[in-house]
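Mapping to numbering that gives the first Met the number 0: the sequence shown position 116 is 115, numbers consecutive.
Don't be surprised by glycine CBs; every beta carbon is placed ideally from N, CA and C.
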Amino acid sequence: MKALDWLDERTGYRALLDEALDEPVSGGARWAYVWGSALTLSFVVQAVTGVLLMTAYQPSATTAWSSVMYISHQMTWGWIIRGLHHFGAQAMVVLLVAHLGQTVIYGAYKKPREMNWFFGLALMGVTLGFALTGYLLPWDQKGYWATKVATNIAGTMPLIGQASQRLLIGG
């Protein structure tokens, strides 16, 4: 404990943690408030496993599939890292929907939290975009057809459909 006391004397990290984490919750803490924290944890899992996968993945049409096979079958702990990343991505989308639903049900998007709401919607768009583009990375039939279906759905939007479809497929 002395090392943490020494660190606190020099940085004041405990005061920062108290300020960030000791936020009073109206009505007290409940299980209904875990969705945001669970979503944050799943993001951390995605970031860590994504960086680890990035060390072995080769993003080209000729080498992507073989690099995924290398990660899954030859790289030390590669199968578990890829599995955590794969299922973590699915969990993140499910937790995102749960968190969004809870926010709407409790009205947590209302004044004075409108900017939090808009920032959250932007992050939701980024997350869903990563989920869509990450599906294509192994360059297999499942990824190809899933991406084809998603971009065709975007192409059916009135007025901006064709332009958004061209934007999504990169040209």
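Can you list, in chain order, the residues of its chain whose CB lies under 8 Å from that of Thr172, leaving out five sequence neighbours each side?
-> Residue numbering for the chain in the displayed model covers 0 to 170; residue 172 lies beyond these limits and cannot be assessed.
Where Ile104 falls, given that 16 or more other Cβ within 10 Å makes a residue buried = By 1-based counting over the sequence shown, the position of residue 104 is 105. Counting Cβ neighbours within 10 Å, Ile104 comes out exposed, since fewer than 16 surround it.
Mind listing, in chain order, the continuous beta strand (DSSP E) runs of no fewer than 3 residues lying wholly within the region 71-127?
-> none
If you draw a straight line from the alpha carbon of Ile79 to that of Tyr69, how long is it in whole angstroms?
-> Here residue 79 refers to the residue found at position 80 when the sequence shown is read from its first residue. Here residue 69 refers to the residue found at position 70 when the sequence shown is read from its first residue. Going from the Cα of Ile79 to the Cα of Tyr69 covers about 13 Å.
Check whether the Cβ atoms of Asp7 and Arg13 sit closer than 7 Å, and answer yes or no.
-> The sequence position of residue 7 within the sequence shown is 8, counting from 1. The sequence position of residue 13 within the sequence shown is 14, counting from 1. For Asp7 and Arg13, yes; Cβs fall inside 7 Å.
Quick check: the region 83-92 against the region 43-52, are there 3 or more CB pairs under 8 Å?
-> yes
Among residues of its own chain, excluding the 5 on either side of Gly172, which ones have a beta-carbon nearer than 6 Å to its beta-carbon?
-> Residue 172 is absent from the structure shown; the chain starts at 0 and stops at 170.
What did DSSP end up calling Gly11 once you bin it into helix, strand or coil?
-> Your numbering for residue 11 matches position 12 in the sequence shown. The answer is coil: DSSP assigns Gly11 none of H, G, I, E or B.
Taking the C-alpha atoms as reference points, what is the distance between Trp34 and Arg81?
-> Counting from one through the sequence shown, the residue named residue 34 turns up at place 35. Counting from one through the sequence shown, the residue named residue 81 turns up at place 82. Rounded to whole angstroms, the separation of the alpha carbons of Arg81 and Trp34 is 24 Å.
Selected residue, minimal CA-CA separation from Ser66, among Leu136, Ala121 and Lys1 | As a position in the sequence shown, residue 66 is number 67, starting the count at 1. The candidate whose alpha carbon is nearest that of Ser66 is Leu136.
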